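In the working numbering, the protein residues as written are 11 to 72.
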Ligand SMILES: [Zn+2]
């Protein structure tokens, strides 16, 4: 399945991210780190269109 992992930009722990439906457009969401509980802005995109695995970019939400 497409559930993935991201690295928290605050505490650098690896945390799992919910499965996202492939989209031709970027998907942005904000989730709280399950380790340090700070909010992370996640941008997901699919470089191979709607068939490949998503790529996640993370940045602090301030
Ligand atoms: Zn964290």
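Every residue, glycine too, gets a C-beta built ideally from N, C-alpha and C.
Since the structure is predicted, the reported quantities are computational estimates derived from the model, not experimental observations.
Task: Beta-carbon proximity of residue 48 to residue 21, cut-off 9 Å - done: yes
TODO: Verify the contact flag: residue 16, CB atom, against every heavy atom of ligand 1, threshold strictly below 8 Å.
DONE: no
Task: residue 14, enclosing beta strand (DSSP E) - first and last residue - done: 14-17
Task: Proximity of residue 64 and residue 54 at Cβ, strictly below 9 Å - done: In contact: residue 64 and residue 54 (Cβ atoms closer than 9 Å).
- [ ] For residue 40, count neighbouring Cβ atoms within 10 angstroms of its own Cβ and tell me buried if that reaches 16, exposed if not.
- [x] It counts as exposed.
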